[in-house]
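K.L.:
Quick one: structure below, then a few questions.
Protein chains: 2
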Amino acid sequence: MIIDCHGHYTTAPKALADYRKRQTAQLDVPGAPPLAPDVRISDDEIRESLETNQLKMQASRGVDLTIFSPTAGSMAHHVGNETTSRHWTQACNDLIHRAVALYPRQFVGVCQLPQSPGVGPANCIPELVRCVEELGFIGCNLNPDPSDGYWTQPPMTNRSWYPLYEKMVELDVPGMVHVSCSCNPNFHHTGAHYLNGDTTAFMQFLQSDLFQDFPTLKFIIPHGGGAVPYHWGRYRGLAQQLKRPPMEELLNNVFFDTCVYHRPGVELLLEVVQADNVLFASEIIGAVRGIDPRTGYHYDDTKRYIDAVEWLEPGHREKVFSGNARRVYGRLNAHLEKHAAAAAAR
Amino acid sequence: MIIDCHGHYTTAPKALADYRKRQTAQLDVPGAPPLAPDVRISDDEIRESLETNQLKMQASRGVDLTIFSPTAGSMAHHVGNETTSRHWTQACNDLIHRAVALYPRQFVGVCQLPQSPGVGPANCIPELVRCVEELGFIGCNLNPDPSDGYWTQPPMTNRSWYPLYEKMVELDVPGMVHVSCSCNPNFHHTGAHYLNGDTTAFMQFLQSDLFQDFPTLKFIIPHGGGAVPYHWGRYRGLAQQLKRPPMEELLNNVFFDTCVYHRPGVELLLEVVQADNVLFASEIIGAVRGIDPRTGYHYDDTKRYIDAVEWLEPGHREKVFSGNARRVYGRLNAHLEKHAAAAAAR
Chain A
6 MIIDCHGHYT TAPKALADYR KRQTAQLDVP GAPPLAPDVR ISDDEIRESL ETNQLKMQAS
66 RGVDLTIFSP TAGSMAHHVG NETTSRHWTQ ACNDLIHRAV ALYPRQFVGV CQLPQSPGVG
126 PANCIPELVR CVEELGFIGC NLNPDPSDGY WTQPPMTNRS WYPLYEKMVE LDVPGMVHVS
186 CSCNPNFHHT GAHYLNGDTT AFMQFLQSDL FQDFPTLKFI IPHGGGAVPY HWGRYRGLAQ
246 QLKRPPMEEL LNNVFFDTCV YHRPGVELLL EVVQADNVLF ASEIIGAVRG IDPRTGYHYD
306 DTKRYIDAVE WLEPGHREKV FSGNARRVYG RLNAHLEKHA AAAAAR
Chain B
6 MIIDCHGHYT TAPKALADYR KRQTAQLDVP GAPPLAPDVR ISDDEIRESL ETNQLKMQAS
66 RGVDLTIFSP TAGSMAHHVG NETTSRHWTQ ACNDLIHRAV ALYPRQFVGV CQLPQSPGVG
126 PANCIPELVR CVEELGFIGC NLNPDPSDGY WTQPPMTNRS WYPLYEKMVE LDVPGMVHVS
186 CSCNPNFHHT GAHYLNGDTT AFMQFLQSDL FQDFPTLKFI IPHGGGAVPY HWGRYRGLAQ
246 QLKRPPMEEL LNNVFFDTCV YHRPGVELLL EVVQADNVLF ASEIIGAVRG IDPRTGYHYD
306 DTKRYIDAVE WLEPGHREKV FSGNARRVYG RLNAHLEKHA AAAAAR
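Quick note, the sequences are listed as chains A and B, same order. For any residue, its number in the working numbering is found by taking its place in the first sequence, counting from 1, and adding 5. For any residue, its number in the working numbering is found by taking its place in the second sequence, counting from 1, and adding 5.
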């Protein structure tokens with residue numbers, strides 16, 4: 006089985022973005038009430054948007070299941086206020102739920118959270134609970150910079166995050182650390198802000214005792230961990246110099262995806278990070294959508310890069326392609342079993 | 006010959022930091038005038054600080070020459086105002102000049118610049134000219150984030166930088182892109198801010214026409230280019246998607262050092278970046294000072310990692326260890342020849 010742990014619904018029907026436009030337009034109207042979710046999309050529109058895009062690509066690449074969440078770049082937590090963020094988040098998560106309900110063997114949901122600058126992440130708990138308990142989601146995306154490019158909020162290891170982490174542990178759902186857009190002209194979103202967010206979060210974890218406080222809390226750092234595996238020696242050395250525990254201890258709690266868009270990068274990731282901590286992902290129809298003229302294949306066809314690593318042991322390959330995802334996402338097996346059984350019964 | 010293009014005077018005698026303390030203390034005294042450089046250090050103190058540290062380590066590792074600049078983390082451009090930055094910069098650069106004057110065959114100078122948030126980089130021109138023309142320096146360090154962690158200033162491709170770039174081109178000196186400290190609790194300085202700065206600058210260059218405007222301007226991105234070589238495919242794909250010229254065109258102007266502190270990272274760098282664009286560097290007595298218990302050698306002993314790359318062609322090895330530095334730093338050969346001749350005449 007092949008599980009892609011990192012996919013976003015970047016092809017959502019236009020009515021979702023239209024709601025967002027209307028919602029944010031209201032913010033400019035003095036005294037106007039917030040616009041609650043009001044997104045009209047038919048099942049057929051959802052089918053069309055997925056079958057011509059993600060599902061087609063998954064099938065052609067041999068990917069069985071994608072762990073699917075709202076578009077990260079559109080979370081835009083800096084926009085408006087807490088209510089704005091809550092409404093928009095509910096709309097996005099509801100649409101993921103509908104996509105998963107239509108294709109439960111091809112997708113499983115991960116939710117966006119209603120983060121908002123100046124508001125402690127505890128405000129995200131009700132939406133997390135709703136998504137996990139009512140909608141069957143198996144994880145969440147956490148934005149380490151809800152200011153979207155200015156990093157004005159406390160680090161992810163700050164105690165203001167603890168109530169949310171307590172709930173994540175209780176629900177047995179991991180978080181993917183994923184920034185959103187960048188309002189800062191210094192940072193291109195997918196070319197700088199994304200990778201910086203990954204690198205930054207890892208170093209925050211390295212500096213703190215967060216995982217002593219939450220021994221079973223799990224984070225996936227996407228985009229191959231930003232700069233981290235490439236600088237593995239730097240981080241091992243910094244941990245030692247800062248008198249932190251050996252860096253490898255973080256691997257009880259921190260995992261990396263394989264969204265690295267060339268073979269040498271993927272090979273380095275698999276060489277320096279133990280096989281238990283690498284989760285297959287490609288983020289299709291995401292940051293980099295083109296075809297590499299050197300290979301004739303999509304840059305983001307990361308399965309090919311992994312397949313090309315000849316020295317990877319079969320048992321390790323299985324872990325990367327599915328075993329680790331089934332372990333890190335504690336609710337994934339139940340989802341798979343439920344829908345396999347339902348399909349068998351049909 | 007082996008040239009390390011990235012060393013900072015991190016062991017400067019204490020009187021330098023003492024001046025900085027007095028200088029910044031003045032900032033808190035209402036109406037107090039700025040404290041101009043007032044650093045009393047003897048030649049013997051400089052000798053002692055270098056011979057027991059950098060020079061000893063250079064000799065033990067077989068490094069002939071280090072391109073030497075003030076401590077990057079101490080530039081702290083956010084402190085005080087333009088005058089504060091100018092005075093501190095002059096003090097730091099003068100000390101580099103004295104170190105180089107004592108050991109001109111082991112060191113050559115690169116200057117700090119008096120950047121200051123809210124002040125266009127054109128203010129750096131007089132100090133650059135002084136350092137190059139009067140003190141014999143061969144390059145400068147440019148801080149892409151003089152706010153030191155909040156990225157409030159324009160990107161490096163903004164036109165406000167152009168007067169400085171014109172002068173760099175005229176003087177034939179390259180710039181190393183190097184952030185300073187981080188005031189932002191989200192960013193550990195050497196574990197996140199440094200690498201983020203490298204990644205960010207590269208993407209700024211990729212997005213802009215800067216090198217059409219300055220075809221001979223050269224930048225060295227340190228720390229192995231941050232996340233960039235690890236994500237080489239991502240950047241190639243982004244360049245294509247953004248309808249920019251092929252990413253490789255940046256290699257006429259952008260170079261990477263080898264401050265990557267483990268063998269797999271250095272090997273990836275040498276695999277994906279052409280040999281003409283990689284400059285040997287280790288940043289000794291810098292970010293990571295410990296000994297790797299796995300190897301018994303310092304993490305930052307990057308020469309060992311390069312030596313271990315068996316497939317590197319001899320001609321390419323020579324480029325990495327010295328040829329590229331002699332080409333990128335247009336004034337380096339003159340420095341080497343002058344001091345070799347002086348030594349021969351003695």
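Using N, Cα and C, we set each Cβ at its ideal position, and we do this for glycine too. Given the structure is predicted, the values throughout are model-derived calculations rather than measurements.
Just to confirm the assignment, what range does the beta strand (DSSP E) spanning A/Met181 have?
P.N.:
If you number the first sequence from 1, residue 181 of chain A lands on position 176. 180–182 is the span of the beta strand (DSSP E), which, as asked, contains A/Met181.
K.L.:
So with CB distances below 7 angstroms, who are the chain A contacts of B/Thr205?
P.N.:
Sequence index remark: in the second sequence, residue 205 of chain B carries index 200 (1-based). Here the neighbours are Asn191, Phe192, Ala197, Asn201.
K.L.:
Sort out for me which residues DSSP pairs A/Ile226 with in a bridge.
P.N.:
Within the first sequence, residue 226 of chain A is the residue found at index 221, counting from 1. Paired residue(s): A/Phe261.
K.L.:
Looking at the C-beta of B/His321, does it have a partner C-beta in chain A at a distance below 7 angstroms?
P.N.:
The residue labelled residue 321 of chain B in the question sits at position 316 within the second sequence. Not an interface residue.
K.L.:
Residues in its own chain within less than 8 angstroms of B/Leu60 by CB, not counting five upstream and five downstream?
P.N.:
Here residue 60 of chain B corresponds to residue number 55 of the second sequence, with the count starting at 1. Tyr108, Gln111, listed in sequence order.
K.L.:
Can you say whether B/Gly238 is buried or exposed, counting buried as having 16 or more other CB atoms within 10 angstroms of its CB?
P.N.:
Your numbering for residue 238 of chain B matches position 233 in the second sequence. Label assigned to B/Gly238: buried.
K.L.:
Can you tell me which residues form a DSSP beta bridge with A/Leu147?
P.N.:
Position 142 of the first sequence, counting from 1, holds the residue named residue 147 of chain A. Note: A/Leu147 sits in a beta bridge opposite A/Val182.
K.L.:
Closer than 9 angstroms, Cβ to any Cβ of chain A: which residues of the stretch 142–158 of chain B, in chain order?
P.N.:
For the stretch 142–158 of chain B, which is checked against every Cβ of chain A, the residues closer than 9 angstroms are Pro149, Asp150, Gly154, Tyr155, Trp156, Thr157, Gln158.
K.L.:
Looking at the structure shown, is A/Cys116 part of a helix, part of a strand, or coil, going by DSSP?
P.N.:
On the first sequence, residue 116 of chain A is found 111 positions in, with the first residue counted as 1. Correct three-state label for A/Cys116: strand.
K.L.:
Applying the 10 Å Cβ sphere with the 16-neighbour rule, what's the burial state of A/Val34?
P.N.:
The residue given as residue 34 of chain A occupies position 29 in the first sequence. Classification for A/Val34: exposed.
K.L.:
Do you know how far the Cα of B/Arg351 is from the Cα of A/Pro159?
P.N.:
In the first sequence, the residue the question calls residue 159 of chain A occupies position 154. In the second sequence, the residue the question calls residue 351 of chain B occupies position 346. Near 60 angstroms, if we compare the C-alpha coordinates of B/Arg351 and A/Pro159.
K.L.:
Would you mind stating whether B/Thr162 and B/Ser121 have Cβ atoms separated by less than 7 angstroms?
P.N.:
Residue 162 of chain B sits at position 157 when you count from the first residue of the second sequence. Residue 121 of chain B sits at position 116 when you count from the first residue of the second sequence. In this structure, B/Ser121 does not lie closer than 7 angstroms to B/Thr162 by Cβ.
K.L.:
How is B/Gly218 classed by DSSP in three states: helix, strand or coil?
P.N.:
Here residue 218 of chain B refers to the residue found at position 213 of the second sequence. First, the residue type needs correcting, since residue 218 of chain B is Asp and not Gly in the sequence shown. Three-state DSSP puts B/Asp218 in a helix.
K.L.:
Just to confirm my understanding: we take B/Tyr302, look at its own chain, exclude 5 residues before and 5 after, and list those with CB closer than 7 angstroms. What are they?
P.N.:
As a first step, residue 302 of chain B is located in the second sequence; it is residue number 297 there, counting from the start. Once the five neighbours on either side are set aside, the close Cβ partners of B/Tyr302 are Ile296, Arg309.
K.L.:
B/Leu211 touches chain A at which residues, Cβ-Cβ below 7 angstroms?
P.N.:
In the second sequence, counting from the first residue as 1, residue 211 of chain B sits at position 206. Residues of chain A passing the Cβ test: Gly196.
K.L.:
Given this structure, state the Cα-to-Cα distance separating B/Phe73 from B/Gly12, to the nearest angstrom.
P.N.:
Here the question's residue 73 of chain B lines up with position 68 in the second sequence. Here the question's residue 12 of chain B lines up with position 7 in the second sequence. Approximately 5 angstroms between the Cα atoms of the pair.
K.L.:
Could you compute how far the alpha carbon of A/Asn329 sits from the alpha carbon of A/Leu200?
P.N.:
On the first sequence, position 324 is the one that residue 329 of chain A refers to. On the first sequence, position 195 is the one that residue 200 of chain A refers to. Spanning the two alpha carbons is a distance of roughly 22 angstroms.
K.L.:
What three-state label does DSSP hand B/Ile289 in the structure shown?
P.N.:
In the second sequence, counting from the first residue as 1, residue 289 of chain B sits at position 284. If DSSP states are grouped into helix, strand and coil, B/Ile289 belongs with coil.
K.L.:
Can you grab the Cα-Cα spacing for the pair B/Leu147 / B/Val137, in whole Å?
P.N.:
Locating residue 147 of chain B in the second sequence gives position 142, counting from the first residue. Locating residue 137 of chain B in the second sequence gives position 132, counting from the first residue. Looking at the two C-alpha atoms, the distance is approximately 15 angstroms.
K.L.:
Which residues, taken in chain order from the stretch 216–234 of chain B, show a beta carbon closer than 8 angstroms to some beta carbon of chain A?
P.N.:
Cβ contacts with chain A come from His228, Gly229, Gly231, Ala232, Pro234.
K.L.:
Go ahead and pull the three-state DSSP assignment for A/Thr71.
P.N.:
Here the question's residue 71 of chain A lines up with position 66 in the first sequence. Looking at A/Thr71 - three-state DSSP - the assignment turns out to be strand.
K.L.:
Assign B/His267 to one of three DSSP states: helix, strand, or coil.
P.N.:
Working through the second sequence from its first residue, we reach residue 267 of chain B at position 262. Of the three classes helix, strand and coil, the one that applies to B/His267 here is coil, per DSSP.
K.L.:
Along the stretch 232–254 of chain B, what residues have a CB closer than 8 angstroms to any CB found in chain A?
P.N.:
Listed by position, the residues of the stretch 232–254 of chain B near chain A (Cβ gap below 8 angstroms) are Ala232, Pro234, Tyr235, His236, Trp237, Gly238, Arg239, Tyr240, Arg241, Gly242, Leu243, Gln245, Gln246.
K.L.:
Interface residues of chain A around B/Glu276 at Cβ under 8 angstroms?
P.N.:
Position 271 of the second sequence holds residue 276 of chain B. Ordered by position in chain A, the residues that pass the 8 angstroms Cβ test against B/Glu276 are Pro269.
K.L.:
Any idea what DSSP makes of B/Leu247, helix, strand or coil?
P.N.:
Your numbering for residue 247 of chain B matches position 242 in the second sequence. Coil, per DSSP.
K.L.:
Starting from the C-beta of B/Arg331, find all residues in its chain whose C-beta is less than 6 angstroms away, skip the five residues before and the five after it, and write them out in chain order.
P.N.:
Here residue 331 of chain B corresponds to residue number 326 of the second sequence, with the count starting at 1. Closer than 6 angstroms at the Cβ level, and outside the excluded window around B/Arg331, lie Leu337, Asn338.
K.L.:
From the DSSP output, in three-state form, read off B/Ile8 for me.
P.N.:
For the purposes of this step, residue 8 of chain B is identified with residue 3 of the second sequence, where counting begins at 1. B/Ile8: strand per DSSP, three-state reduction.
K.L.:
Check this for me: beta carbons of A/Pro42 and A/His92, under 7 angstroms apart or not?
P.N.:
The residue labelled residue 42 of chain A in the question sits at position 37 within the first sequence. The residue labelled residue 92 of chain A in the question sits at position 87 within the first sequence. Yes, they are a contact pair.
K.L.:
Mind listing the chain B neighbours of A/Leu176? Cutoff is C-beta to C-beta under 7 angstroms, in chain order.
P.N.:
The residue you call residue 176 of chain A lines up with position 171 of the first sequence. Per Cβ cutoff of 7 angstroms: no residues; A/Leu176 is ~26 angstroms from chain B at best.
K.L.:
Tell me, please, whether the CB atom of B/Met208 is closer than 7 angstroms to any CB atom in chain A?
P.N.:
Looking up residue 208 of chain B in the second sequence gives position 203. Output row for B/Met208: interface = yes.
K.L.:
Please confirm whether B/Tyr266 and B/Tyr235 have their CB atoms less than 7 angstroms apart.
P.N.:
Residue 266 of chain B sits at position 261 when you count from the first residue of the second sequence. Residue 235 of chain B sits at position 230 when you count from the first residue of the second sequence. No. Outside cutoff.
K.L.:
For B/Pro119, return the contacting residues in chain A, with the cut-off set at a CB-CB distance below 9 angstroms.
P.N.:
Position 114 of the second sequence, counting from 1, holds the residue named residue 119 of chain B. Going along chain A, no residue has its Cβ under 9 angstroms from B/Pro119, so there is no contact; the nearest lies around 21 angstroms.
K.L.:
Could one say the Cβ of A/Leu284 lies closer than 7 angstroms to chain B's Cβ atoms, at least one of them?
P.N.:
Along the first sequence, one-based indexing puts residue 284 of chain A at 279. So no, A/Leu284 is outside the interface.
K.L.:
When you compare each of B/Leu55, B/Gln95, B/Ala244, B/Ser65 to B/Arg25 by their alpha carbons, which one comes out closest?
P.N.:
On the second sequence, position 20 is the one that residue 25 of chain B refers to. Minimum Cα distance to B/Arg25 is reached at B/Gln95.
K.L.:
Our contact map puts B/Phe285 next to B/Asp9 with C-beta atoms below 8 angstroms; I'd like the distance itself, whole angstroms only.
P.N.:
In the second sequence, counting from the first residue as 1, residue 285 of chain B sits at position 280. In the second sequence, counting from the first residue as 1, residue 9 of chain B sits at position 4. With a Cβ gap of about 6 angstroms, B/Phe285 and B/Asp9 count as contacting.
K.L.:
What are the partner residues of A/Asp297, as DSSP defines its beta bridges?
P.N.:
Translated into positions along the first sequence, residue 297 of chain A becomes position 292. A/Tyr302.
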